Amino acid sequence: MLIFEHFWKGIQSFGTGMQYITGKRFWYYLILPGIINLIIFFGTFSLVYSYSDEFSNWLLQLIGLADADTGFMGGLKKFMYFLLLFLIRVMYFLMYITIYKYVMLIVMAPLLAFISEKVE
């Protein structure tokens, strides 16, 4: 039950924080971090999306299935290609979730320091 109490306290604190932000007119300090977040997310997503296809083809060549087009080997090639593509994208997502907070803190440290001074 202690988990739920902390959960609801966190929800209430979020509401209190939003009231403070609107009361002190700090909304414009939320826009820039949001834009930076979107740029980093879509930039890395587009890089992974474009290079995952090439990486899957390279792995198929490494395995020796790059030239198989018909029969069982052709079907195996298609299956392996989509499996590798899926696994690469899932691994990217997991790495992104793991590293995201550190990247955002590094990129936004100057802005967060400025906001901290404004709040005090």
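Note that the sequence shown ends on residue 205 in the numbering used here; no numbers are left out. Ideal placement from N, C-alpha and C gives every residue a C-beta, glycine not left out. Bear in mind that the values here come from a model prediction, so they are computed numbers and not experimental data.
Within 10 Å of its beta-carbon, does residue i have 16 or more other beta-carbons around it, so buried, or fewer, so exposed?
i	result
LEU169	buried
SER201	exposed
LYS162	buried
SER135	exposed
LEU141	Residue 141 is actually Ser in this sequence, not Leu. SER141 should be labelled buried.
Nearest-angstrom Cα distance between residue i and residue j?
i	j	result
GLY159	ILE173	21 Å
THR129	ILE148	27 Å
HIS91	MET103	18 Å
LYS109	TYR185	29 Å
Closer than 8 Å by C-beta to residue i: which residues in its own chain qualify, once you throw out the five before and the five after it? Chain order, please.
i	result
LYS203	PHE111, TYR114
For residue i, collect the residues of the same chain with a Cβ closer than 6 Å to its Cβ; drop the 5 residues on either side in sequence, then sort them by chain order.
i	result
ILE191	none
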